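Structure first, then comments.
In full-length UniProt numbering, the protein residues as written are 1 to 209.
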C-alpha cells in the first residue's frame, strides 16, 4: 500500500528499482569509486542515483539518447557519453585519469557495450552484468582488454533465488527495501515516467512512443 503523499511515479518504478539496486550491490560499489552505468533506461537511471548515493566520486552514464543523458545528469551523473561514433572505453579512461572504472554496471545487453566496458575497466575492476543478453554475434573478444584488465564479471540477480547474499538478502528483503526507498523519496523517478497519457489515448500513444 502506498503511503499518503508518496509519488505514484516512484511506485511505477518498483520493478526496475529491484534490478538497479541488485546491480549496484552485486558490484560492491564503494566510497570513492569511479562508476559507469551503460544504458539509461529506468534500471540505469536508478542505478545512477544509487551509485552516487553510495559514495561514488565519479559517475558516468552511457546512452545514445540525449534526453536520457539530461535526466541522468540531473540525478547524479557527472558525465554522459554517446556511444555512437565514440570509443567509450577510451573516453572512460580519459575521464578517470587513465585509471579506468572501478565498476561498470551494464544494462543494455549489447555486445559492443560489453566490449567497451572491458576496455574502459580499471585493472581488477568489476562489471555488474544486469542485462539479460541474447547470444552475441561472432567477433566479441574476451582476449585483449578483458585479459589485460583482469576483468571480473558478476551476473547480477534480483528476482532469482538464491541471492548471492542469501540468507541475509532474500527476494522479499530486496522488494521491501526498494519499496521503502521509493516511498520515502530516497529515489526520485519523477523524470523517468514521461510522457503521461490518458487511458483513452493509450493505443495511439503506444504506437507513437
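Glycine residues also receive a C-beta, built at the ideal position from the N, C-alpha and C atoms.
Keep in mind the model is a prediction, meaning the values are calculated, not measured.
- If the five residues before and after residue 118 are omitted, its C-beta is found closer than 6 Å to the C-beta atoms of 145, 146, 151, all from its own chain and listed in chain order.
- DSSP, read as helix, strand or coil, puts residue 29 in coil.
- Distance from the CA of residue 127 to the CA of residue 200, rounded to the nearest whole angstrom, comes to 43 Å.
- For residue 89, the enclosing alpha helix (DSSP H) covers residues 88-95.
- Here residue 24 has 47, 50, 51, 54, 105, 128 as same chain residues with Cβ atoms under 8 Å from its own Cβ, once five neighbours each way along the sequence are excluded.
- Residue pairing by DSSP places residue 142 in no beta bridge whatsoever.
- Residue 2 counts as exposed, since fewer than 16 other C-beta atoms from the protein chains shown sit within 10 angstroms of its C-beta.
- Runs of alpha helix (DSSP H) with 4 or more residues, each lying fully within the UniProt domain "Alcohol dehydrogenase-like C-terminal" (42-163), are found at 42-53, 66-74, 88-95, 111-120, 144-148, listed in chain order.
- A buried status is given to residue 27, since no fewer than 16 other beta-carbon atoms sit within 10 Å of its beta-carbon.
- The secondary-structure analysis by DSSP pairs residue 36 across a beta bridge with 60, 104.
- 102 is the residue among 6, 102, 73 whose C-alpha sits nearest the C-alpha of residue 153.
- When secondary structure is reduced to three states using DSSP, residue 9 falls in the helix class.
- With contacts defined as CB atoms closer than 8 Å, residue 74 and residue 80 fail to qualify as a contacting pair.
- In the DSSP assignment, residue 206 falls within the alpha helix (DSSP H) that extends over 202-208.
- Residue 92 places its beta carbon less than 8 Å from that of residue 120.
- DSSP, read as helix, strand or coil, puts residue 182 in helix.
- Between the alpha carbons of residue 34 and residue 59 lies a gap of roughly 6 Å.
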